[in-house]
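See structure below.
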RNA sequence: UCCCCGAUAGCUCAAUGGUAGAGCGAGCGGCUGUUAACCGCUAGGUUGUAGGUUCGAGUCCUACUCGGGGAGCCA
């Protein structure tokens with residue numbers, strides 16, 4: 000007998016005999032026809048369960064019907080049987096079982112942590128090893144996979160190479176926040192250097208090392224030979240951030256393109272978002288319909304709007320003018336002034352109220368952005384001060400989903416920026432080499448993978464779109 | 001890190017300072033080709049931890065722990 004997945008079985012033609020293997024989602028019984036029960040069986044391959052019918056009497060009577068009729072949510076079984084058109088409403092096909100093998104029972108149904116009832120996401124976070132058995136987290140897992148594959152497909156079709164940048168980094172100059180130290184030294188008995196500080200020369204790598212906060216500086220070197228590259232992997236931030244949009248361990252996508260300016264970078268970001276969202280709606284229509292129904296009403300319409308609408312491109316300087324005009328009625332908590340960074344409330348006003356569409360903000364003041372961003376010509380956009388070729392992609396509901404820039408390819412300007420910001424120029428020797436040996440204009444951006452999943456599913460808390468979230472004081476599982 | 005809110009049955013929540021309850025889930029029974037089923041019965045509690053006030057504390061006070069929402073930082 001052929002073992003088939005639930006997904007394949009749901010679309011198969013009745014008349015086939017086959018085997019299903021999975022976990023019981025629900026069981027209902029009836030005294031009709033001499034006794035029968037209905038098992039909703041899941042194996043994760045589709046959003047919908049398949050109905051397995053077990054009978055106590057007649058030709059299809061099961062020898063172990065009494066045991067089968069005691070199955071509870073979470074039990075694992077194998078079922079052989081004939082696929083038939085369903086007599087009941089709610090499904091088109093069902094499996095009439097000829098044999099059901101009970102593989103694993105649930106010890107105590109009364110204390111099974113995820114019975115078939117409503118649970119809060121807060122509670123399910125404490126049951127991270129079991130929450131994937133629920134509709135919502137099964138759907139999140141499938142969508143997460145679909146988006147990851149879609150991102151790889153998009154870049155592969157556009158002749159990008161996936162570059163595996165290191166997770167352990169010896170650079171302390173990535174400049175994107177607090178880092179986690181990687182060490183094999185005994186924390187209780189660390190060796191001291193002559194000046195009393197920790198002697199990292201005795202550590203595994205012979206120097207201080209950390210978990211990466213970004214693969215950007217590394218991937219820029221590959222860009223300077225392979226033209227179109229991207230990273231997709233975990234990154235780590237030791238920031239004490241306790242929000243629904245931050246994790247200590249998250250996945251990031253960072254493309255980098257050579258012979259490209261900020262406009263090409265924005266084009267890439269917009270094309271990528273539109274591609275993966277359209278691909279998702281097509282490939283995971285079942286799960287997306289669920290999110291639309293149960294998590295965020297109108298989700299699919301919102302995503303279609305994003306796919307069809309050109310992203311609004313707006314210089315920072317013009318955004319400030321719009322926000323200053325709106326200040327009276329919008330009642331912003333924080334001041335709006337050229338030279339200050341935009342707050343969440345400002346970004347959300349622009350994308351949710353003013354334009355009601357994704358917005359790509361470009362050309363930010365130099366002083367609020369990183370050293371590696373390319374300095375614009377004076378007077379760009381009529382700005383009253385110096386700007387850099389930075390961009391942020393803002394989307395309704397999430398705010399900033401992408402941050403990127405054209406990189407500074409001129410060595411003299413880059414050095415000046417490193418010095419201005421008080422950074423140690425020696426730390427950047429290999430990064431500066433890119434500007435000495437065949438420098439080219441290039442640009443790239445970072446996309447937080449979990450934020451993309453939030454945007455695509457409507458899930459409110461980022462801890463619910465990664466299997467085992469890491470956040471301050473949270474590393475269980 | 002800052003500001004607010006919360007912690008009571010397996011889960012979600014009630015309970016003027018005075019005998020801790022309900023819904024869901026679970027178990028048993030009834031009904032039914034069932035499917036958020038329906039009807040009945042039953043079990044289930046050191047009220048987050050440690051102190052304090054009081055004749056008496058789930059309730060008031062203090063500290064701590066954990067969780068949530070918002071802000072900052074950012075992706």
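Residue numbers (our numbering): 0 to 476.
Built from N, CA and C at the ideal position, the CB exists for glycine as well.
The model shown is predicted, which means the values in this text are computed figures rather than measured ones.
Residue interval of the beta strand (DSSP E) (run including residue i)
{"i": "residue 274", "result": "Unbroken run through residue 274 is the alpha helix (DSSP H), 261-282; no beta strand (DSSP E)."}
{"i": "residue 116", "result": "Note, residue 116: premise wrong, no beta strand (DSSP E); not H, not E."}
{"i": "residue 20", "result": "16-29"}
{"i": "residue 39", "result": "35-41"}
{"i": "residue 77", "result": "75-84"}
{"i": "residue 208", "result": "208-210"}
{"i": "residue 54", "result": "49-54"}
Other residues of its chain near residue i: CB distance less than 6 angstroms, five sequence neighbours each side excluded
{"i": "residue 114", "result": "72"}
{"i": "residue 118", "result": "none"}
{"i": "residue 100", "result": "77"}
{"i": "residue 83", "result": "13, 95"}
{"i": "residue 467", "result": "127, 476"}
{"i": "residue 158", "result": "227"}
{"i": "residue 143", "result": "452"}
{"i": "residue 98", "result": "79"}
{"i": "residue 347", "result": "398"}
{"i": "residue 6", "result": "44, 45"}
Beta-carbon gap between residue i and residue j smaller than 7 angstroms
{"i": "residue 461", "j": "residue 146", "result": "no"}
{"i": "residue 139", "j": "residue 464", "result": "yes"}
{"i": "residue 386", "j": "residue 364", "result": "yes"}
{"i": "residue 391", "j": "residue 402", "result": "yes"}
{"i": "residue 298", "j": "residue 291", "result": "yes"}
{"i": "residue 321", "j": "residue 457", "result": "no"}
{"i": "residue 39", "j": "residue 31", "result": "no"}
{"i": "residue 0", "j": "residue 79", "result": "yes"}
{"i": "residue 278", "j": "residue 141", "result": "no"}
{"i": "residue 16", "j": "residue 81", "result": "yes"}
{"i": "residue 280", "j": "residue 388", "result": "no"}
{"i": "residue 160", "j": "residue 225", "result": "yes"}
{"i": "residue 248", "j": "residue 469", "result": "yes"}
{"i": "residue 35", "j": "residue 54", "result": "yes"}
{"i": "residue 56", "j": "residue 33", "result": "yes"}
{"i": "residue 164", "j": "residue 230", "result": "yes"}
{"i": "residue 123", "j": "residue 74", "result": "no"}
{"i": "residue 340", "j": "residue 319", "result": "no"}
For residue i, the first and last residue of its enclosing alpha helix (DSSP H)
{"i": "residue 220", "result": "215-225"}
{"i": "residue 6", "result": "5-9"}
{"i": "residue 304", "result": "298-307"}
{"i": "residue 455", "result": "448-456"}
{"i": "residue 67", "result": "64-67"}
Contacting residues, own chain, Cβ-Cβ under 7 angstroms from residue i (five flanking each side not counted)
{"i": "residue 282", "result": "145"}
{"i": "residue 314", "result": "361, 362, 380"}
{"i": "residue 383", "result": "337"}
{"i": "residue 181", "result": "167, 208, 209, 210"}
{"i": "residue 4", "result": "42, 44"}
{"i": "residue 198", "result": "190, 191, 192"}
Cutoff 8 angstroms; reference residue i; Cβ partners in own chain excluding five residues on either side
{"i": "residue 244", "result": "397, 398, 450, 453, 461"}
{"i": "residue 311", "result": "354, 356, 357, 358, 359"}
{"i": "residue 201", "result": "184, 190"}
{"i": "residue 439", "result": "223, 257, 258, 408"}
Any non-hydrogen atom of the ligand ATP within 6 angstroms of residue i CB
{"i": "residue 53", "result": "Among the components of this structure there are no ligands whatsoever, and the ligand ATP is therefore not found."}
*Which runs of the alpha helix (DSSP H) fall wholly inside the stretch 312-359 and span at least 4 residues, in chain order?*
Secondary structure within the stretch 312-359: the alpha helix (DSSP H) runs of 4 or more consecutive residues, fully enclosed, are 315-329, 343-347 (chain order).
*Kindly confirm or deny that the stretch 208-225 and the stretch 185-194 touch, where touching means at least three C-beta pairs closer than 8 angstroms.*
Fewer than three beta-carbon pairs drawn from the stretch 208-225 and the stretch 185-194 are found closer than 8 angstroms, and the two stretches are therefore not classed as touching.
*Indicate whether the contact test is met: 3 or more Cβ pairs, each with one atom in the stretch 267-276 and one in the stretch 140-157, closer than 8 angstroms.*
yes
_Contact between the stretch 18-28 and the stretch 64-71 (3+ Cβ pairs under 8 angstroms)_ = yes
*If we count Cβ pairs, one from each stretch, closer than 8 angstroms, do we get three or more for the stretch 424-442 versus the stretch 197-215?*
no
*Does the count of Cβ pairs from the stretch 405-412 and the stretch 366-373 closer than 8 angstroms reach three?*
yes
*Between the stretch 249-261 and the stretch 427-436, are three or more C-beta pairs nearer than 8 angstroms?*
no
*What are the complete beta strand (DSSP E) segments, minimum 3 residues, inside the stretch 377-433?*
386-394, 398-405
_Just to confirm the assignment: which complete alpha helix (DSSP H) runs, minimum length 4, are found wholly within the stretch 99-159?_
As far as the stretch 99-159 is concerned, its whole alpha helix (DSSP H) runs of at least 4 residues are 120-124, 134-156.
*asked:* So within the stretch 229-259, which uninterrupted beta strand (DSSP E) runs reach at least 3 residues, ignoring any that extend past its ends?
replied: 248-257
*Give, in chain order, every unbroken run of the beta strand (DSSP E) that is at least 3 residues long and sits entirely within the stretch 159-208.*
List check, beta strand (DSSP E) in window: nothing returned.
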